[in-house]
Amino acid sequence: MKTTEWMKGYAWGSASLLLVTLAQLLMKWGMVQIPLLSLSDIHLSWFLDHLPPLIAVACGITGYVLSMACWYFTLQVLPLHRAYTLLSLSYALVYLAAVTLPWFNEDLHLLKTCGGLLVLFGVWLIHSKPAQNAH
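Everything in the sequence shown is counted per the UniProt record's numbering, starting at 1 for the first residue and increasing by one.
Right, here's the structure in full:
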């Protein structure tokens, strides 16, 4: 496989990774802002009162859809064992964003940080050697 094809695969995979990470963060922020509601609470003013978080959730869902489109192109080029590990990077990125960005208000924990580092190390191990062609 040509190097340019691999680069395209990793570019699409990176786009998918970033979109799914952003989608997860938007969904979390939006869902936390929306109060529990019953069917009797649903009326136009409720939607208008909660428009920013509803937009965030809608953008999160859109991010997931766009991520899947990028994932389609990733799988056209990269072997599954390499492509799939890119998605696991989202766990580390979401954790990093959740503990860094103040509006998520999540605590930094040593064990969770070590877990994120182990994910990064595992991805590095899988991608450190060139893929062997299996016949």
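Positions of the beta carbon are idealized from the N, C-alpha and C atoms, including for glycine.
Coarse secondary structure for residue i, derived from DSSP in three states
i, result
"Ala-134", "Low confidence applies to Ala-134: its pLDDT is 46, below 50, so where it sits in the model is not reliable enough to give any reading."
"His-127", "helix"
"Leu-103", "Going by the sequence as given, residue 103 is Trp instead of Leu. Three-state DSSP puts Trp-103 in coil, outside helix and strand."
"Leu-37", "coil"
"Pro-53", "helix"
"Lys-2", "coil"
"Leu-80", "helix"
CB-CB length for residue i against residue j, believed under 8 Å
i, j, result
"Tyr-64", "Val-20", "7 Å"
"residue 153", "Ala-11", "Residue 153 lies beyond the stretch modelled for the chain, which goes from 1 to 135, so this question has no answer here."
"Ala-56", "Leu-26", "5 Å"
"Gly-9", "Val-77", "3 Å"
Sub-8 Å separation of residue i and residue j beta-carbons
i, j, result
"Val-123", "Ser-88", "yes"
"residue 136", "Gly-115", "Outside the shown range of the chain, which is 1 to 135, sits residue 136, and nothing can be said about it."
"Ala-92", "Leu-110", "no"
"Leu-86", "Leu-44", "no"
Residue burial classification, residue i (beta-carbon count within 10 angstroms, cutoff 16)
i, result
"Leu-48", "exposed"
"Trp-46", "exposed"
"Lys-129", "exposed"
"Ala-58", "exposed"
"Trp-71", "buried"
"Ser-38", "exposed"
"Lys-28", "buried"
Identity of the residue in the options nearest residue i by Cα
i, options, result
"His-127", "Ser-16, His-81, Asp-107", "His-81"
"Leu-54", "Leu-101, Met-7, Pro-35", "Pro-35"
"Ala-83", "Lys-2, Ser-14, Thr-3, Thr-4", "Ser-14"
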